[in-house]
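Going letter by letter, the sequence shown gives residues 33 to 431 in my numbering. Here a beta-carbon is modelled for each residue, glycine too, at the ideal position from N, C-alpha and C. One structure is given below, encoded as structure tokens.
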Amino acid sequence: VNHKSQCLFLMFLNTLDIKYLHIWYFNRENSKSFCFILQNLKKKMDEIVFFWGDISDDVICSLNANLNFKDLKKIVFIESNFDTVFIFIEHLSNIKEFIFYKYKNYEIYQVTGIEEEDLNIADFIIQSLKNKHPQHFIEEFIKKNEKIPKESKDFYLKLLNEEKFRDKVKIFEHFKCKYGNMKVKCFYEYKECFNNISITFKNLMEKTFFTTENTILEENIESIKISCSVIKSDFLKDIFNIKRLKRLEIEYSNIYIENEIFLNESIKYFNFRANKRNNCHSIFSRLIDMMIGLQEIYFHNINTIKLNRSVDQSFYIAELDIWWIDRMIDLLQDLAKNEKFDFKATSKAKADLKLSLSPLKFLFQKYDISSIKKLSIVDFCINDSNVEAFSTLLSLKEL
33 VNHKSQCLFL MFLNTLDIKY LHIWYFNREN SKSFCFILQN LKKKMDEIVF FWGDISDDVI
93 CSLNANLNFK DLKKIVFIES NFDTVFIFIE HLSNIKEFIF YKYKNYEIYQ VTGIEEEDLN
153 IADFIIQSLK NKHPQHFIEE FIKKNEKIPK ESKDFYLKLL NEEKFRDKVK IFEHFKCKYG
213 NMKVKCFYEY KECFNNISIT FKNLMEKTFF TTENTILEEN IESIKISCSV IKSDFLKDIF
273 NIKRLKRLEI EYSNIYIENE IFLNESIKYF NFRANKRNNC HSIFSRLIDM MIGLQEIYFH
333 NINTIKLNRS VDQSFYIAEL DIWWIDRMID LLQDLAKNEK FDFKATSKAK ADLKLSLSPL
393 KFLFQKYDIS SIKKLSIVDF CINDSNVEAF STLLSLKEL
């Protein structure tokens, strides 16, 4: 990129209220342009993130040269390689965190199986993680980790030798372990710290439970997926008790909810794929009532519906993927009984549909679903009588 273009782009950046700067695929071929921007950016930001970059002397010098970076909250390097003799200097010591994530070359550990008596899966997961990563001081962790290139090790160790940076350095390695019906993914930090834990369960036994209280899992699990399993109330309660769980996916599972009422505030994303049970709409609605912090919901049962939460805390339809229109009408009619959903259905819906010459027109005009932004209709004949139906979809952006 010529110098004039660099200056114009820099002028543009300096007019924006930038809080986060993300730099992708930083290498020696484009480093001159990126370094010019890093040296001359005038905005005070919260965070700089390098994705898949080659961090050379020029990059470190450019970061050191910009006094506006002294108030950064963090600098993050994701799968970046270091080949430099320099480290950060004094004015960057106010930065709270220097974070390094390593994805490549991780190993999928095959761990020993869950015995029939090991009904608390949490204990099994914790033991598996501890066995593979015994406690180390961070320097020892770096020196013994063969997956970290020598040049990167040298940079980390130099940074750790500086007292003003030592406690701010965090190095995470992508870690996987699995056995049969269970898979665990997370980021591992030295001293047995596991972060962003994602767990997949499949074909769980009905007597299984998952107690995480007072364990390393309690506040570090962010995502759980359960497939083709029997889910009883006790297991569901264990899941909802996880303090920082953000994402829950349940697919093709038999769910039995008894009279107990338990709530979860942390889950923001819920993805539900129904099995062939007749009461899947009822189960889905009851689960929604238990997750009071939800912001985004997907429901799949031949058709797909995406629901987002509005400012008034009700859910509106954001996306529809229609394969079978009768089933979609059944779903909307059942969901509309729950006061959390911001669309209307009538008890005469099925009878009216039989009299309607245009099922699509019936669906769009009899139900208040004008909030849809994305619509997909598969294997359906659209004629002149159907075209009028689209006039009610005032928010539609993608068809």
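Determine whether the beta carbon atoms of residue i and residue j lie at a separation below 7 Å.
{"i": "I72", "j": "L45", "result": "Here residue 72 is Asn; the residue named in the question, Ile, does not match the sequence. It is not a contact, given that the beta carbons lie outside the stated cut-off."}
{"i": "S255", "j": "L236", "result": "no"}
{"i": "R359", "j": "N340", "result": "no"}
{"i": "F304", "j": "I203", "result": "no"}
{"i": "L460", "j": "I324", "result": "One cannot answer for residue 460 here, as it falls past the ends of the chain, which runs 33 to 431."}
{"i": "T240", "j": "A154", "result": "no"}
{"i": "M229", "j": "I253", "result": "Looking at the sequence itself, residue 229 is Ile, so the reference to Met does not match. In contact: I229 and I253 (Cβ atoms closer than 7 Å)."}
{"i": "I258", "j": "S298", "result": "no"}
{"i": "M268", "j": "F302", "result": "Reading off the sequence, residue 268 comes out as Leu, not Met. Cβ atoms of L268 and F302: not closer than 7 Å."}
{"i": "K102", "j": "E79", "result": "no"}
{"i": "K275", "j": "E251", "result": "yes"}
{"i": "I121", "j": "N96", "result": "yes"}
{"i": "M214", "j": "F242", "result": "no"}
Starting from the C-beta of residue i, find all residues in its chain whose C-beta is less than 6 Å away, skip the five residues before and the five after it, and write them out in chain order.
{"i": "F373", "result": "F347, L367"}
{"i": "I67", "result": "It should be pointed out that residue 67 corresponds to Cys in this sequence rather than to Ile. For C67, where only same-chain residues beyond five positions count, the Cβ hits under 6 Å are D90, S94."}
{"i": "F83", "result": "W56, I110"}
{"i": "Q38", "result": "S65, F68"}
{"i": "H332", "result": "R305"}
{"i": "G85", "result": "F58, S112"}
{"i": "S317", "result": "N370"}
{"i": "I231", "result": "V216, I256"}
{"i": "S408", "result": "D353"}
{"i": "L191", "result": "I119, F197, V201"}
Can you tell which of the options has the C-alpha that lies nearest to the C-alpha of residue i?
{"i": "N307", "options": "E283, F132, K200", "result": "E283"}
{"i": "L395", "options": "E371, K369, L352, K429", "result": "L352"}
{"i": "E420", "options": "I401, D411, L392", "result": "L392"}
{"i": "Q327", "options": "F316, I170, S342, I315", "result": "S342"}
{"i": "E171", "options": "F187, I158, N291", "result": "F187"}
{"i": "K200", "options": "L124, E430, Y135", "result": "L124"}
{"i": "F246", "options": "K134, K179, K269, N273", "result": "Per the sequence shown, the amino acid found at residue 246 is Asn instead of Phe. Answer by Cα proximity: N273."}
{"i": "N177", "options": "K36, E194, E221", "result": "E221"}
{"i": "M322", "options": "S403, H35, E292", "result": "E292"}
{"i": "E183", "options": "T47, K234, F118, L431", "result": "F118"}
{"i": "I248", "options": "I158, N100, Y135", "result": "I158"}
{"i": "V108", "options": "K406, V81, L99", "result": "V81"}
{"i": "E205", "options": "I180, I320, Y211, N193", "result": "I180"}
{"i": "E290", "options": "H313, N418, L319", "result": "L319"}
Thinking residue i and residue j are a contact (beta carbons under 8 Å), I'd like their distance in whole angstroms, please.
{"i": "Y399", "j": "L426", "result": "About 14 Å separates the two Cβ atoms, so there is no contact after all."}
{"i": "F130", "j": "F197", "result": "7 Å"}
{"i": "W355", "j": "D266", "result": "About 35 Å; that fails the 8 Å criterion."}
{"i": "L431", "j": "K405", "result": "No, L431 and K405 are not in contact; Cβ-Cβ is about 10 Å, not under 8 Å."}
{"i": "I287", "j": "I315", "result": "5 Å"}
I'd like the list of long-range same chain contacts for residue i, defined as Cβ closer than 8 Å, with 5 residues on each side in sequence excluded.
{"i": "S88", "result": "R60, S63, D115, T116"}
Just to confirm my understanding: we take residue i, look at its own chain, exclude 5 residues before and 5 after, and list those with CB closer than 7 Å. What are they?
{"i": "M77", "result": "I50, K51, Y52, L53, L104"}
{"i": "C218", "result": "F207, F226, N227, N228, I229, S230"}
Identify every run of the beta strand (DSSP E) within the segment 288 to 326, keeping only runs that are complete inside it and at least 3 residues long; order them along the chain. 301 to 305
Identify every run of the beta strand (DSSP E) within the segment 339 to 373, keeping only runs that are complete inside it and at least 3 residues long; order them along the chain. 347 to 354
Suppose only complete runs of 3+ residues qualify. What are the beta strand (DSSP E) ranges in the segment 223 to 266, listed by chain order? 225 to 234, 253 to 259, 262 to 264
Whole runs of the beta strand (DSSP E) within the segment 56 to 87, excluding any shorter than 3 residues: 79 to 83
Please give me, in chain order, every unbroken run of the alpha helix (DSSP H) with length at least 4 that falls completely inside the segment 170 to 213. 170 to 176, 182 to 193, 195 to 198
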